[in-house]
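For the sequence shown, my numbering puts the final residue at 72, and the numbers step up evenly by one.
Working notes for the structure below.
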Amino acid sequence: MSVIAEGMKTERYVEFLRKHHYYLLKGYYFSCPLSATRLMHFIEDIEEFGSDQAWGKSVEGYDLKILKTYLY
């Protein structure tokens, strides 16, 4: 079973959960709510340009392929 931690608002929350091996996270730390189409463009930009350039934050340690499976 996969668990998605909601309510990630700060880097502190994210780092705490990543430290405890939680990698399915969502919340305003990452983005405001997006439609599936906008989310796909968001992921494509991260893959093409790198997360630091496209988004301003690193997604190191996250598997964007998992996120994509939820969109299909």
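Using N, Cα and C, we set each Cβ at its ideal position, and we do this for glycine too.
Since we're looking at a predicted model, the values are computed, not measured.
Under the three-state DSSP convention, the category residue i falls into
i     : result
Leu17 : helix
Leu25 : strand
Buried versus exposed call for residue i [16 or more other C-beta atoms within 10 Å across all chains shown]
i     : result
Val14 : buried
Ile43 : buried
Ile46 : buried
Closer than 7 Å: residue i CB and nearest the ligand ZN heavy atom
i     : result
Ile43 : The ligand ZN is absent from the structure shown, which contains no ligands of any kind.
Boundaries (first-last residue) of the alpha helix (DSSP H) holding residue i
i     : result
Ala36 : 36-49
At least 3 beta-carbon pairs within less than 8 Å: the region 2-13 vs the region 24-39: Yes, the region 2-13 is in contact with the region 24-39.
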